């Protein structure tokens, strides 16, 4: 990452982390919805009134619930995970019912006010001042309720994201600090979250955002401004969100057989069809055609016919072991070089086929809630983004003539300690980036589910008018 300082290589003590228990099998919704509706809110209220012990119960993520509804969901996720899904569905259903009831009441009130004004105008009376003040107060109360409902929806979505992290056996970073990077965690954050086609794009993103630090060993210490860390984390969330959207579109297009054909793939497919047709025509009786003799590699391929199988197996084994040894002893440089030499995945080719309009539409956040949850998670880890931006602008100034000069000033500000900084290992930074990508993927999953099942979310384009319409 540009602007980050590589300090030294040192062994770090592993941070104390909470274990992620295995999720029990979820019960059916119909069998528990009635009983849950009777005690969800009282149970959450009782937990909130029990004192400081409950405040520290939920330590699964850096951000804490902001509403009683969120606290209730957090309680079930940690203490009674087998009831969590039913509790969340009941809470979303209740919010939807409340919103529909309030919308109906507001419409009835507007109609009553309209009739009252028409009656007053017909009678020649001036509209009362008290009626106007009452209407203003009513609208203000409705706005407050709508905002509370919006925060409750965000809380529920956030806890649903945490439930997905628990599902892959990974705890989110409670704060940005050096941790011991484990292969199991990295595997869970890649293979446990993404499709096979998407993993290559994840690797490319990690190498791109880490920059020169990606060539260092995992225990190498780096120092950067908190603003840089926050920008990388937020960008990685956005990338994960985008990746989930395009991967979903890719798999759907693949199932429907409408993927754009690469020229080389199309030529290879036609040649294969022609060769199969020729083989069928040459057989006098297709139903009793003799089996084809096994083909041997050409001499120009550098393999002896009698040992082609063993040679191929040996080559595959040696290349596999060579890749393993290079990953273990050669360092990240060889891994990065190998990645750049690999052919593009089908998903990468699919993304590159997008025109500019499609790319921009796919990359944007769809709802106000997803934008709020992106900012919420980033600020929970790195602090107030606006304050960090103001500090950086004050330290760097506004008279820089080029991007290189800006980066030099940022580097100097980090060195002099004139901006807030964070020190972590390369492994921690890699772990944070992978976590952010997974967060973005899970955010898109939860957003799609809530919008499809309950229609409670606010499109970004409608945010200026009302956050609850």
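Numbering (this note's numbering), first residue to last: 39 to 507. Backbone N, C-alpha and C fix where the C-beta goes; we use that ideal spot for every residue, glycine too. Nothing here was measured: the structure is a model prediction, and the numbers come from that model.
DSSP, read as helix, strand or coil, puts residue 210 in coil. At a Cβ-Cβ threshold of 8 Å, residue 412 and residue 276 count as neighbours. Looking at the DSSP output, residue 405 shares a beta bridge with 497. According to the DSSP assignment, residue 217 belongs to no beta strand (DSSP E), since it is labelled neither H nor E. The beta-carbon distance between residue 459 and residue 185, rounded to whole angstroms, is 35 Å. This is too long to meet the 8 Å contact definition. By the Cβ-count criterion, residue 120 is exposed, with fewer than 16 other Cβ atoms from all chains shown falling within 10 Å of its own Cβ. By the criterion of a C-beta distance shorter than 6 Å, residue 274 is surrounded in its chain by 471, 474, 475, once the five residues flanking it on both sides are discounted. For residue 460, the enclosing beta strand (DSSP E) stretches over residues 459 to 463. Residue 293 counts as exposed, since fewer than 16 other beta carbons sit within 10 angstroms of its beta carbon.
Runs of the beta strand (DSSP E) spanning 3 or more residues and lying entirely within the region 410 to 488 occur at 459 to 463, in chain order. 8 Å or more divides the Cβ of residue 115 from the Cβ of residue 172. Under DSSP, no beta-bridge partner is assigned to residue 110.
Around the Cβ of residue 391, a 10 Å sphere holds fewer than 16 other Cβ atoms; the residue is exposed.
Check the Cα spacing between residue 387 and each of 197, 238, 111, 157: the tightest is with 238.
By the 16-neighbour rule on beta-carbons within 10 angstroms, residue 266 is buried. Rounded to the nearest angstrom, the Cβ distance from residue 214 to residue 441 is 26 Å, too far for a contact under 8 Å. Residue state for residue 274 is assigned as helix, using DSSP reduced to three classes.
Each of 154, 183, 482, 156 was checked against the Cα of residue 137, and the nearest Cα belongs to 183.
Following the DSSP letters along the chain, one finds residue 391 in no alpha helix (DSSP H), marked with neither H nor E.
Secondary structure in the region 178 to 260: no beta strand (DSSP E) run of 3 residues or longer lies completely within the stretch.
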